[in-house]
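Right, one structure below, let's go through it.
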Amino acid sequence: MTKPNFAGMTKAELRAYVLEHREDAEAFYILMDKLNAEPGTKIDSMEHLIELIEAKRLGREQQS
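Residues in the sequence shown are numbered consecutively from 178, following the numbering used here.
So this is what it looks like as structure tokens:
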């Protein structure tokens, strides 16, 4: 089985992949590199990433 092209994925695609394949450390670190390259929140663990995603989802649901 070949690995997906993580570098070619958008942040959203890579985030979805990481959430579905939590054991894939390579994908996680590539996502962290992409996120940390932008100004804003620093993410240092998978748990922190999940917390931020859930908080963002809740915010969107409350706005609807």
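Don't be surprised by glycine CBs; every beta carbon is placed ideally from N, CA and C.
{"Query": "Going by Cα to Cα distance, which pick from Arg192, Glu215 and Ala214 is closest to Ala204?", "Result": "Arg192"}
{"Query": "Which residues in the same chain as Met209 place their Cβ atom closer than 7 Å to its Cβ, once the five residues preceding and following it in sequence are excluded?", "Result": "Ile220"}
{"Query": "Taking Asn213 as the reference, which of Lys188, Phe183 and Pro181 has the closest Cα?", "Result": "Lys188"}
{"Query": "What are the start and end residues of the alpha helix (DSSP H) that includes Arg199?", "Result": "Looking at the DSSP string, Arg199 is not in any alpha helix (DSSP H), and its letter there is neither H nor E."}
{"Query": "Is the Cβ-Cβ distance between Leu235 and Thr218 less than 8 Å?", "Result": "no"}
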